[in-house]
Ligand code: GLV
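Residue numbers (my numbering): 79 to 361.
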């Protein structure tokens, strides 16, 4: 009987949901990602799909840097060692990390989040190269970032490869065995976008074989990652529970925008962010 659904970006919203809710008018997706939403089914039924863009990019960029610093300087590893009672005397050698400052950061997807990551990287004196669907000359100038002609160049030259492209049929499993093999053995993979952009089996194999130095993943495939997943056995992996956007402030702002989208749609008013306005004619 519901007229509106407030959803999270990991809830699959498809024909089954639409068929079960014939009164449905609007989906308020509390996420910027839209890969969980079935567009044709909604538009055909006159259901308005909404999301929450333009809010989370700074929180996600902060978390991306938390992961970059955490994996490079082995923050979680040291913490796990202490809790396991393994730190018995002063010896830094088991915990040696890698510098972040001065290194090369490769950004895949220079949208709102990628751009904020690039801004932070300049404070760490990093060289930033990027690949994106479209070249952004104005950002190159403003942020001092370099365009890479292809993904291969980003993979080959970066010490940190950070994924910020949306999940689409084109980006699903975009980082597989051959991509990981193009990375430097001392390089790290950072994923804060969607788990399905990376092949997890290939990632595990490449980490074990020392093809790359480590991975920091806020997103996995599947989610939640099962506790017996082999990736969780590796010391050079950080996994967080899909929380890159979730500072208290950003969480609240996204929730408010999702609610505003719903209220506006139910009242026939302009929505802050409607993804399929063409559905209105089918209502
Ligand atoms: C979070 O994953 C989002 O898409 O907002």
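The C-beta atom is built at its ideal place from N, Cα and C for all residues, glycine as well.
- Cβ-Cβ separation between residue 117 and residue 183: approximately 33 Å, too far for a contact (criterion under 8 Å).
- Taking 4 residues as the minimum length, the alpha helix (DSSP H) runs contained wholly in the region 150-193 are 153-161, in order along the chain.
- Relative to ligand 1, the nearest heavy atom lies less than 7 Å away from the CB of residue 134.
- Inclusion of residue 217 and residue 193 in the CB contact set at 8 Å is warranted, their separation being smaller than that value.
- If you measure from each CB to the nearest heavy atom of ligand 1, the residues under 5 Å come out as 87, 109, 110, 111.
- Within the same chain, 80 come within 7 Å of residue 99 by CB-CB distance, once the 5 residues on both sides are set aside.
- For residue 259, the enclosing alpha helix (DSSP H) begins and ends at 255-260.
- The region 94-111 and the region 291-300 do not touch, with fewer than 3 CB-CB distances between them shorter than 8 Å.
- Per DSSP, residue 108 lies in no alpha helix (DSSP H) segment; the continuous beta strand (DSSP E) that holds it begins and ends at 104-108.
- A Cβ-Cβ distance of about 13 Å is found for the pair residue 298 and residue 268, leaving them out of contact under the 8 Å criterion.
- When only Cα atoms are considered, residue 301 and residue 307 end up about 11 Å apart.
- Collapsing the DSSP output to three states places residue 345 in coil.
- Under the three-state reduction of DSSP output, residue 309 falls in the helix class.
- In this model, residue 214 and residue 162 are separated by some 47 Å (Cα to Cα).
- Relative to residue 277, the option among 234, 256, 125, 150 whose CA is nearest is 256.
- Proximity to residue 250 across 90, 258, 113, 338 peaks at 113, based on C-alpha coordinates.
- Exclusion of the five residues before and after residue 348 leaves 342 as the residues of its chain whose Cβ lies within less than 8 Å of its Cβ.
- Just so you know, the alpha carbons of residue 322 and residue 304 end up roughly 19 Å apart.
- Look at residue 217 here: in three-state DSSP terms it is helix.
- When the Cα atoms are used, residue 186 and residue 243 turn out to be separated by approximately 6 Å.
- Ranking 92, 197, 339, 188 by CA distance to the CA of residue 122 puts 92 first.
- Apart from sequence neighbours up to five positions away, the residues of its chain that approach residue 203 with a beta-carbon distance below 8 Å are 179, 180, ordered along the chain.
- If you compare the alpha carbons of 166, 353, 149 with that of residue 312, the shortest gap goes to 149.
- DSSP places residue 297 outside both helix and strand once states are collapsed to three, so it counts as coil.
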